[in-house]
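Visitor: Take -2 as the starting number for the sequence shown in my numbering and just add one per residue.
Virtual Cβ for every residue (Gly too), placed ideally from N, Cα, C.
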Amino acid sequence: MARPHPDVRIQLALATGVCGGFSTMSTFSWEALQWAKTGSTLMALGYITATLVLSIGAAAAAYALANK
-2 MARPHPDVRI QLALATGVCG GFSTMSTFSW EALQWAKTGS TLMALGYITA TLVLSIGAAA
58 AAYALANK
């Protein structure tokens, strides 16, 4: 019994999301690494901390708004 293939639009949306996630993560990592390599360790740590705190905060706010 053959499995039905997902809609092309769903495949495109998933592929775009996955590729976008990879490029975002690689840019984040690259920027933090460049700051650390140039001796701006405090800037790198601040960038990493701010990015994580703000992104988790934004996700929590979106979740709270969606579940009102």
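1. Measure the Cβ-Cβ separation of Trp27 and Met40 and say whether it is below 8 Å.
2. By alpha-carbon positions, which one of Pro1, Lys34 and Phe25 ends up nearest to Thr46?
3. Quick one: Cα of Ala63 to Cα of Thr21, how far?
4. Alpha carbon to alpha carbon, how far is Ala10 from Asp4? Give it in angstroms, no decimals.
Guide: Once the coordinates are examined:
1. no
2. Phe25
3. 24 Å
4. 10 Å
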